[in-house]
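Quick note: the sequence shown uses our numbering, first residue 358, plus one each step. For glycine and all other residues, C-beta sits at the position ideal for the given N, C-alpha and C. Since the model is a prediction, treat every value here as computed from it, not as a measurement. In what follows, a single structure is set out as structure tokens and then discussed.
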Amino acid sequence: MQIIEFLIFFPFVIAAILYLLGNSERVYPVRKFIVKGAAFLIMAAVIYLAVRVLRGQMVRTYLEKADTANDFVMAGELFLMCLVTFYSFRFRKILAALLSWIGTIPILWLELSGRAAEGTDHFKFDNLTVLMCLVVGIVGGFITIYAIGYIKDYHLRHPKFPERSNWFLAMLFVFLGAMFGLLFSDNLGWIYFFWEITSVCSFLLIGYNREKESIENSFKALWMNLLGGDAFMAGILYASLALHVGTLSDLQQVDNRAVPGVMIVVSLLAFAALTKSAQLPFNGWLLGAMVAPTPTSALLHSATMVKAGVYLLIRLAPLMQGTLTGVMVTLIGGFTFFAASLMAIATSDGKRVLAHSTVSNLGLIVACAGVGRPESVWAGTMLILFHAVSKSLMFMTVGAVENASGSRNIEDMHGLIVKLPRLAVVMIIGICGMYLAPFGMLVAKWAALKSYIDSGAVWLVLFLVFGTASTSFYWGKWLGKIFAVIHKSQALKDTTHNGEWQALYPLAAMVIAMCFGFPLISNYIVQPVLNQMFHTEVEPVIGGSDIAVMLLMLILVATLPVAGGIISRNRRGITDQNTRSYMSGINAGDDRHFLNAYGDAQPLYMANWYMIDLIGELKIMKPCLAIAAGILVIMLTIIIGGAI
């Protein structure tokens, strides 16, 4: 119990200390020490918890009596409502205030009137909780370490923005504390409370620089997530008043065939999860979050916020198997996976590509949860883990490249392997982790394909195949830009701080380590999740022959750079005359210019084709939003109307 209290409350304490320290230059070393110390303590705590739980392989529950804690939660919900109301009236965004009132007032009434259903315990953790805590604690911890140096450079590059780095770092830790609270809570009211904290935190972090665009985008994130929070509230009300269910565990025990009303609750919670995980038609808030500093993007996309949505869907997966709610979730997830990957192809802004990629990959996880089979839950859980590490690494590397080169445009990363070699290598590892064999994302997609075929959802197979092809397209273009070197390209000064490297190197090592260790992760972490969730001994998803194939692929991939190095050394004696680049024109002799029709030297420039006129956001975003919204409205009407 003490370790749970530590993980929830310690980040809030650190946040308060960081805020009170202020922004003066003389407190920077102290702040740096506190952030690093707190991050490593959180990492140590989650690893300690994981070791204890994995040894016992058991589900544990705590805190049966929690009257004082309930009072604290109600006070916190009231505070959040007042905070949202204050900012809404300050910036004249009344919709956010209305949605906050709609969500909070009924919950407070339910608690104060004594009508809230009481569960047996308020805290619960199992292997899925532990896995998510590892993601939040380790990946989130490294992001806070990275943020120390990044935010300092950020204000040097943007002196017009008000210096509020103490507040920024404090909010990162508040986010971590809220995520731990959400993961450990079993009481639906408590989950809702921490759910709303993450919504408000994302709103505050996205609007950090207080420019017009950031304010607009922060309120878009707020109202979309508050809309999902209202659906969460409606689900809690129905669960308490109609089903007399007050905890997530009790909800999972209800037979959805004997009690049709349970699918109303599951559908409302699933809707809330879809908004939180930025699925179509709610992806706009996550795309708008790109205006925030890079640590915010990394945290939102990898360790917090969107992971809260898919975590809830994974919890609900067994209830959705073979139901209309499952069909709704898989339709939205599969369609989002394909549509977002298409839009990523037509984007050259590095952070925006990563945003579309996150939405796309989350769509695949959502679809896996909707299928509700053990194989699909295995795939979704593995995708959560591998995506968190690889995507956080990618965001932080793009941020470091932007600080060093002044641009995050993929076109400006041409020849990055020469310009910023260390950052380029780390970025290459991140990209390979996202889509190449034998890294974990591809392994999980294979398991997802197997589960889709077994479930008979052929249309999901089509989404997966075409979405994966599109994914390979945009990652391949980016990877090609990094390696495309103009002869004798000039290196840039790498301004990446030591603190940033202290986050980048471990995460890059984790991507590689998980590639080797995914069988162990599957057997000792994910397989017990399936056994606990489906209340039976689930047959292993990955067999010995599959592991042998993956290891063979790993060996083959490892030989490529070795072979390349040998070939490169053997060609060192060949003159430049025999190795000049072909430019569709006469090479001027320096591999950087060619002669045009008039005999004038023109600089060489190679660019990707982004197909903006065919699949750009302006072309397909609105139709995609309309299709997704139509699916949600029709399916929710059928599900709720049929259950009533």
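Please confirm whether T687 and A588 have their CB atoms less than 8 Å apart. Along the sequence shown, read from residue 1 onward, the residue named residue 687 stands at position 330. Along the sequence shown, read from residue 1 onward, the residue named residue 588 stands at position 231. Cβ atoms of T687 and A588: not closer than 8 Å.
Mind checking who P980 pairs with in its DSSP beta bridge? Along the sequence shown, one-based indexing puts residue 980 at 623. Answer by DSSP bridge pairing: none, since P980 is not bridged.
Separation of A423 from P463, as counted between CA atoms: Within the sequence shown, the letter at position 106 stands for residue 463. Within the sequence shown, the letter at position 66 stands for residue 423. Between P463 and A423, the C-alpha separation is close to 20 Å.
Along the alpha helix (DSSP H) that carries L961, what are the first and last residues, could you check? Residue mapping note: residue 961 aligns to position 604 of the sequence shown, counting from 1. Looking at the DSSP string, L961 is not in any alpha helix (DSSP H), and its letter there is neither H nor E.
Alpha carbon to alpha carbon, how far is N523 from E362? Give it in angstroms, no decimals. Sequence index remark: in the sequence shown, residue 362 carries index 5 (1-based). Sequence index remark: in the sequence shown, residue 523 carries index 166 (1-based). Distance between the alpha carbons of E362 and N523 is about 24 Å.
Under a Cβ-count criterion, where at least 16 other Cβ atoms within 10 Å of its own Cβ denotes burial, should D543 be classed as buried or exposed? Residue numbering aside, residue 543 sits at position 186 when the sequence shown is read from its first letter. Looking at its Cβ environment, which holds 16 or more other Cβ atoms inside 10 Å, D543 is buried.
Cβ atoms of A801 and F743: under 8 Å apart, would you say? In the sequence shown, the residue the question calls residue 743 occupies position 386. In the sequence shown, the residue the question calls residue 801 occupies position 444. Yes, the Cβ-Cβ distance between F743 and A801 is below 8 Å.
In three-state DSSP terms, what is F482? Counting from 1 along the sequence shown, the entry for residue 482 is found at position 125. If DSSP states are grouped into helix, strand and coil, F482 belongs with the strands.
Just to confirm before moving on: does the CB-CB distance between T632 and L584 stay below 8 Å? As a working note, residue 632 is residue 275 in the sequence shown. As a working note, residue 584 is residue 227 in the sequence shown. Yes.
Helix, strand or coil for D851? Go by DSSP, reduced to three states. Residue mapping note: residue 851 aligns to position 494 of the sequence shown, counting from 1. Coil at D851, not helix or strand.
Report the CB separation of Y565 from M590 in whole angstroms; it is logged as a contact under 8 Å. Here the question's residue 565 lines up with position 208 in the sequence shown. Here the question's residue 590 lines up with position 233 in the sequence shown. Not a contact, Cβ separation roughly 28 Å.
Which of helix, strand or coil does DSSP assign to W835? Stepping through the sequence shown from its first residue, residue 835 is reached at position 478. In the structure shown, W835 sits in a helix (DSSP, three-state: H, G or I).
As assigned by DSSP and simplified to three states, the class of T604: Sequence index remark: in the sequence shown, residue 604 carries index 247 (1-based). In the structure shown, T604 sits in a strand (DSSP, three-state: E or B).
Could you compute how far the alpha carbon of L950 sits from the alpha carbon of K834? As a position in the sequence shown, residue 950 is number 593, starting the count at 1. As a position in the sequence shown, residue 834 is number 477, starting the count at 1. Note that residue 950 is His in the sequence shown here, rather than Leu. Straight-line Cα distance between these residues: approximately 23 Å.
Smallest Cα separation from S941: which of Q636, L780 and L961? Looking up residue 941 in the sequence shown gives position 584. Among Q636, L780 and L961, the Cα nearest to that of S941 is on L961.
If contact is defined by three or more beta carbon pairs under 8 Å, each pair taking one atom from either stretch, is the stretch 484–494 in contact with the stretch 875–888? Touching, per the Cβ criterion.
Could you round the C-beta distance between L821 and A805 to whole angstroms and report it? I think they count as a contact, below 8 Å. Residue numbering aside, residue 821 sits at position 464 when the sequence shown is read from its first letter. Residue numbering aside, residue 805 sits at position 448 when the sequence shown is read from its first letter. Correct: roughly 6 Å between the Cβ atoms.
Answer yes or no: do A474 and A596 have a C-beta to C-beta separation smaller than 8 Å? Taking the sequence shown and counting its residues from 1, the one referred to as residue 474 is at position 117. Taking the sequence shown and counting its residues from 1, the one referred to as residue 596 is at position 239. Yes. Within cutoff.
Residue range of the beta strand (DSSP E) that includes H950: Here residue 950 refers to the residue found at position 593 of the sequence shown. Residues H950 to L952.
Could you tell me which of A860, T693, W803 and L670 sits nearest to S714, measuring between CA atoms? On the sequence shown, position 357 is the one that residue 714 refers to. Cα-wise, what sits closest to S714 is T693.
In chain order, what residues of the same chain lie with their CB nearer than 6 Å to the CB of T932, ignoring the 5 residues before and after it? On the sequence shown, residue 932 is found 575 positions in, with the first residue counted as 1. Because the pLDDT at T932 is just 49, under 50, the model does not fix this residue reliably, and the value given afterwards should be weighed accordingly. Once the five neighbours on either side are set aside, T932 has no close Cβ partner at all.
Span separating the alpha-carbon of L598 from that of L545: Your numbering for residue 598 matches position 241 in the sequence shown. Your numbering for residue 545 matches position 188 in the sequence shown. C-alpha separation (whole angstroms): 13 Å.
Pull up the DSSP beta-bridge partners for I943, would you. Counted from its first residue, the sequence shown places residue 943 at position 586. Answer by DSSP bridge pairing, in chain order: L952.
Please state whether the Cβ-Cβ distance between Q636 and I689 is less than 8 Å. Along the sequence shown, one-based indexing puts residue 636 at 279. Along the sequence shown, one-based indexing puts residue 689 at 332. Going by C-beta atoms, Q636 is nearer than 8 Å to I689.
Mark Y503 as exposed unless 16 or more other C-beta atoms lie within 10 angstroms of its C-beta, in which case mark it buried. By one-based count along the sequence shown, residue 503 stands at place 146. Its Cβ being crowded by 16 or more others within 10 Å, Y503 is buried.
By the 10 Å Cβ neighbour count, where 16 or more other Cβ atoms means buried, how is S571 classified, buried or exposed? Within the sequence shown, numbered from 1, the residue matching residue 571 stands at position 214. With 16 or more Cβ atoms within 10 Å of its Cβ, S571 is classed as buried.
Does the stretch 618–629 come close enough to the stretch 990–1000 to have 3 or more Cβ pairs within less than 8 Å? yes
Thinking just about the alpha-carbon of each residue, which of F366, S879, A407 and R521 is nearest to the one in E382? Looking up residue 382 in the sequence shown gives position 25. Looking at the Cα atoms, R521 is the closest of the given residues.
Using alpha carbons as the reference points, say which of G494, L626 and M784 lies closest to L656. Against the sequence shown, residue 656 aligns to sequence position 299. That would be G494, whose Cα lies nearest to the Cα of L656.
Grouping DSSP H, G and I as helix and E and B as strand, with all else coil, what is S808? To locate residue 808, count along the sequence shown from 1; it is residue 451. Note: S808 maps to helix in three-state DSSP.
Buried or exposed by the 16-neighbour rule on C-beta atoms within 10 Å, applied to Q678: The residue labelled residue 678 in the question sits at position 321 within the sequence shown. By the 10 Å Cβ count, Q678 comes out buried.
Hey, quick one: how far does the alpha helix (DSSP H) through Y376 stretch, first residue to last? For the purposes of this step, residue 376 is taken as the residue at position 19 of the sequence shown. Q359 to L378 is the span of the alpha helix (DSSP H), which, as asked, contains Y376.
Going residue by residue through the stretch 619–652, where are the continuous alpha helix (DSSP H) segments of at least 4 residues, counting only ones entirely within it? Those alpha helix (DSSP H) runs which fall completely within the stretch 619–652 and span 4+ residues are 619–633 and 641–645.
Quick check: the Cα distance between F448 and D612, rounded to an integer number of angstroms? Here residue 448 refers to the residue found at position 91 when the sequence shown is read from its first residue. Here residue 612 refers to the residue found at position 255 when the sequence shown is read from its first residue. Going from the Cα of F448 to the Cα of D612 covers about 46 Å.
Starting from F354 and walking both ways along the alpha helix (DSSP H), at which residues does that stretch end? Beyond the ends of the chain as shown, which are 358 and 1001, falls residue 354; an answer cannot be given.
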